[in-house]
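Notes for the one structure printed next.
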Amino acid sequence: MDLNLSEEQQHLRDTFDALLAKHCTVGHVRDAEPTGFDSDLWDLMTQTGLVSLAIPESSGGAGGGLLELGLVAEACGASLAPVPFVETPVAARILSSLGRTGQALLDGVLSGEPLVVFAPRAVAAENVAPVVPFAAVAERVIALHHDRLLMVTPPLPLPRKPNLGSGALADVPIGSSRNLVLAVGGDARRHFAEALGEWRAVMAAALTGLAARALAVGVGYVTERRQFGRPIGSFQVIGHRLAEVATEADGARLLWQEAACAHDAGDPKAATLAHMAFLFASEVAERAASWSLHFHGGYGFMLEYDIQLFYRRAKAWPLAVGSARGELQHLADEWFAPDEEQQWISD
Amino acid sequence: MDFGLGDESATFRAEVRAFLSEHLTPEMRERAHRTGTHHDWEFHRRMAERGWLNAHWPKDEGGQGRGALEMMAFHEELALAGAPVDGMGITMLVADVIRSVGTAEQKERILPAVLAGDCLFCLGYTEPDAGSDVAAVVTRARRDGDEWVINGQKMFTTLAHEANYVFLLTRTTNEGPRHRGLTMFLVPMTLPGIDIQPVHTMGGERTNITFYTDVRVPDWLRVGPVDGGWDVMRVALAFERGGAMGTEIARHLRLAVNWSRRSFGPGGGCPGDDPEVRATLARVAIRAEVGRLLNLRTIWDSAHNGVPNPVFGSMAKLYLTEALVASLSELLDRLGPAGVLQNGDPDAPAEGWLEAAFRHVPVTTIYGGTSEIQRSIVAERGLGLPRTR
């Protein structure tokens with residue numbers, strides 16, 4: 003057992019932390035709100051190796067895994083980075099898993115052109131993939147349409163739909179796009195399920211980062227804000243709520259890291275852990291942002307204060323995959339398959 | 013990073029499991045449940061024979077030199093099996109303190125019986141007016157030659173009716189800061205002047221109030237320096253953190269999952285088909301995993317860095333116990349009207365163990381430092397917020 007990061011992982015984390023601190027300030031995030039996308043930041047992040055980070059060296063990547071990707075995603079989540087830091091690396095991993103079919107496409111993606119994103123929700127409706135994150139700026143969308151995994155090239159530009167998290171959301175018209183079939187049948191579903199599991203684990207990391215930063219914003223505020231002649235952070239109701247959030251945020255971090263490690267080690271529990279991590283981090287992110295906002299009093303409601311940026315995204319990001327209720331049912335499907343002896347504590 | 017407990021833990025875990033299936037009888041569990049005394053001398057001595065009471069001690073001190081992760085696996089298995097090990101937990105906590113700060117005489121005269129499984133300790137900290145504010149204790153120890161004369165009263169002296177010694181926190185002076193006037197003793201329960209009154213609890217556990225009237229204790233049974241009891245307490249608290257609590261949720265979840273798969277009704281189908289039941293089980297499974305990880309982190313970090321991180325310990329205790337309470341409430345809801353039936357009734361779902369657990373779990377958020385104390389530690393020492401009291 004070892005809960006410390008390796009030197010390389012720490013270095014990776016520091017590199018992206020520094021990049022984000024400089025190029026993804028709250029000012030940048032606010033500037034990107036009208037489009038949901040910061041192309042300068044995206045260029046920097048791809049140049050720094052985000053997309054190739056978790057691609058095998060044999061496919062031209064850096065050979066990292068979900069843990070490395072998660073570390074960067076946690077930093078991006080904390081900064082509310084308006085770039086597809088989950089959707090594109092996951093899409094690239096699909097391509098790299100497709101063998102020769104994917105490699106030609108992957109080479110372009112790794113160099114930043116075209117911008118490809120993964121749509122985390124299987125398309126049930128006829129010919130439209132609804133509200134796909136970053137579809138308003140992507141040049142390609144990888145989506146599961148019935149039993150075919152498609153690389154969709156939509157007619158550009160797709161109109162961005164105004165939304166809670168100020169994301170670059172758009173409906174993708176599969177019927178009127180050029181579609182390349184990446185896989186069909188069981189193969190398609192398997193690739194999609196694998197990618198969705200990865201999306202959940204990495205999104206859990208992002209939401210953990212969001213939660214931790216929202217908490218820090220709240221702690222900062224209640225330490226400075228004085229009422230009744232003392233900092234409001236000295237009131238137990240406030241301190242104790244934030245202590246609960248801090249506890250849960252630590253739990254969310256441990257859980258996504260466990261899920262990512264399990265995935266990277268090929269552990270059969272990985273998909274279930276990713277599910278758990280995603281559901282838990284979603285709840286924690288919302289709670290962290292919500293309590294921090296509340297402790298700002300009326301100021302928390304003002305656009306001028308930053309906490310509302312967190313509050314909106316904490317709810318919006320996880321919804322990309324659908325309802326928590328549906329996710330819980332999926333988790334139940336995985337977690338207690340009828341004949342399986344549940345031995346979580348069986349190391 | 014690596015979240016596995018390692019091969020040694022797996023080997024030890026298998027050994028413990030085999031031992032439990034051989035030596036932990038349904039009668040032992042039933043007796044603990046019925047009497048509310050979660051200690052069984054026969055089981056305790058079997059553990060002692062295996063050398064497991066002090067398995068975590070170095071080999072040259074008579075232990076097995078087992079690491080923190082092996083011990084975690086050990087405690088997890090005991091808890092998952094529902095073994096009556098409250099007595100062992102408390103006894104080894106005090107034994108760890110004696111080993112760490114006790115005198116040579118104490119180690120020589122007391123520890124052999126402890127390790128043989130023949131000597132049990134109970135804790136005497138809490139008083140009627142000193143709960144979370146433990147430095148407020150007023151039980152008085154007055155020096156008289158080579159002896160100390162003790163007068164006072166302790167609340168919740170669990171297992172006092174079985175124990176050989178009470179690990180007693182007393183006040184030795186009213187001078188100076190409150191926490192600098194405390195002294196700890198090992199008080200033999202057979203001494204004249206000790207009275208034990210049983211206290212019965214909602215959870216079914218039996219505890220006690222103990223009264224001390226002119227109890228004369230020889231000075232060699234004092235643990236740590238005179239007026240240095242606070243520091244001894246802190247040593248004990250460090251040992252107390254990160255116990256077997258990490259698996260409590262998992263144990264109840266396992267009961268609920270088994271219940272959910274039991275078929276029922278003429279139309280077939282089982283509770284596990286109901287989306288509400290499934291959602292609850294999934295939610296509880298997440299909490300069980302988060303709690304396990306927070307606990308694991310505390311134990312790993314403490315072993316890795318050599319000193320326990322109080323914030324990690326508080327987070328684990330807070331999360332595990334609060335999640336336990338929330339989970340039992342939701343699980344009982346899912347059992348429906350029959351969920352109120354108790355162990356012994358043939359119609360009780362999960363043999364009534366979840367009903368029993370529902371009555372038990374509130375105390376977990378109280379003993380060993382209340383949730384409020386833990387939240388204050390996290391807020392002040394973890395988040396750097398101003399003192400809240």
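These protein sequence lines are chains A and X, in that order. Position 207 of the first sequence, counting from 1, maps to 209 under our numbering, and the rest follow consecutively. Position 6 of the second sequence, counting from 1, maps to 18 under our numbering, and the rest follow consecutively. Beta carbons are placed, not taken as given, at the ideal position from N, Cα and C, and that holds for glycine. All of these numbers come straight from a predicted model, not from anything done at the bench.
- Here the alpha carbons of Glu34(X) and Phe55(X) stand approximately 11 angstroms from one another.
- Straight-line measurement puts the Cα of Gly318(X) at about 20 angstroms from the Cα of Ile389(X).
- Between Leu43(A) and Val111(A) the beta-carbon gap is near 18 angstroms, outside 8 angstroms, which marks them as no contact.
- Residue contact check for Arg290(X) against chain A: a CB pair falls below 8 angstroms.
- At a beta-carbon threshold of 9 angstroms, the residues of chain A lying near Ala297(X) are Thr274, Met278, Leu333, Ala334, Trp337, Phe338, Gln344 and Trp346, ordered along the chain.
- Within chain X, not a single residue places a beta-carbon under 9 angstroms from that of Met153(A); the smallest gap is close to 33 angstroms.
- Proximity of Leu32(X) to chain A, defined by a Cβ-Cβ separation below 8 angstroms, is not satisfied.
- Under the Cβ distance rule, Ala290(A) does not count among the residues neighbouring chain X, no pair being separated by less than 8 angstroms.
- Using a Cβ distance threshold of 8 angstroms, Gly205(X) and Thr225(X) count as a contacting pair.
- Counting only residues of its own chain and dropping the five nearest sequence neighbours on each side, Ala93(X) has a CB closer than 7 angstroms to the CB of Leu32 and Leu36.
- Interface annotation for the stretch 329 to 346 of chain X against chain A: Leu330, Tyr331 and Glu334, criterion Cβ-Cβ distance under 9 angstroms.
- Of Lys163(A), Ala145(A) and Phe282(A), the smallest CA-CA separation from Leu184(A) is found for Ala145(A).
- For Thr292(X), the uninterrupted alpha helix (DSSP H) run begins and ends at Pro287 to Asn317, by DSSP.
- Nearest Cα to Ser54(A) within the set Leu82(A), Val28(A), Val92(A) and Pro36(A): Val92(A).
- At a cut-off of 4 residues, the continuous stretches assigned as alpha helix (DSSP H) that sit fully inside the stretch 91 to 145 of chain X are 98 to 113 and 116 to 127.
- 8 angstroms or more divides the Cβ of Met257(X) from the Cβ of Leu305(X).
- Residue state for Pro159(A) is assigned as coil, using DSSP reduced to three classes.
- Its chain contains Ser272, Arg273 and Arg290 as the residues whose beta carbon lies nearer than 7 angstroms to that of Gly284(X), once the 5 sequence neighbours on both sides are disregarded; these appear in chain order.
- For Leu305(A), the number of other beta carbons within 10 angstroms of its own is below 16, and it is reported as exposed.
- Judged by their CB atoms, Gly164(X) and Arg152(X) are nearer to each other than the 8 angstroms cut-off.
- When Cβ-Cβ separations below 8 angstroms define contact, Val390(X) makes contact with chain A.
- Within the stretch 140 to 167 of chain X, not one residue has a Cβ closer than 8 angstroms to any Cβ of chain A.
- The criterion of a C-beta distance shorter than 8 angstroms is satisfied by Arg57(X) and Gly129(X).
- Against chain A, a Cβ distance below 7 angstroms from Pro398(X) picks out Pro233, Gly235 and Ser236.
- With respect to the 8 angstroms criterion, Gly72(A) and Trp319(A) are not classified as neighbours on the basis of their beta carbons.
- In this structure, the beta-carbon distance from Met104(X) to Leu181(X) does not fall below 8 angstroms.
- For Met196(X), there is no enclosing alpha helix (DSSP H); the enclosing beta strand (DSSP E) covers residues Leu194 to Pro200.
- Out of His68(X), Phe179(X), Arg346(X) and Glu89(X), the CA that lies nearest to the CA of Gly79(X) is found in His68(X).
- In the pairwise beta carbon analysis, the stretch 171 to 185 of chain A is classified as not touching the stretch 262 to 275 of chain A: fewer than three pairs are separated by under 8 angstroms.
- Taking the Cβ atoms as the reference, Arg123(A) lies roughly 6 angstroms from Gly324(A), within the contact range of under 8 angstroms.
- His296(A) sits away from Tyr307(A), with the two beta carbons spaced by 8 angstroms or more.
- Not a single CB atom of chain A sits nearer than 8 angstroms to the CB of Asp359(X).
- For Arg183(X), the uninterrupted beta strand (DSSP E) segment begins and ends at Tyr177 to Arg183.
- Looking at Thr292(X), Ile298(X), Arg299(X) and Leu330(X), the one whose alpha-carbon comes closest to that of Thr310(X) is Leu330(X).
- The C-alpha of Asp4(A) lies about 40 angstroms from the C-alpha of Asp33(A).
- Using a Cβ distance threshold of 8 angstroms, Gly351(X) and Pro358(X) do not count as a contacting pair.
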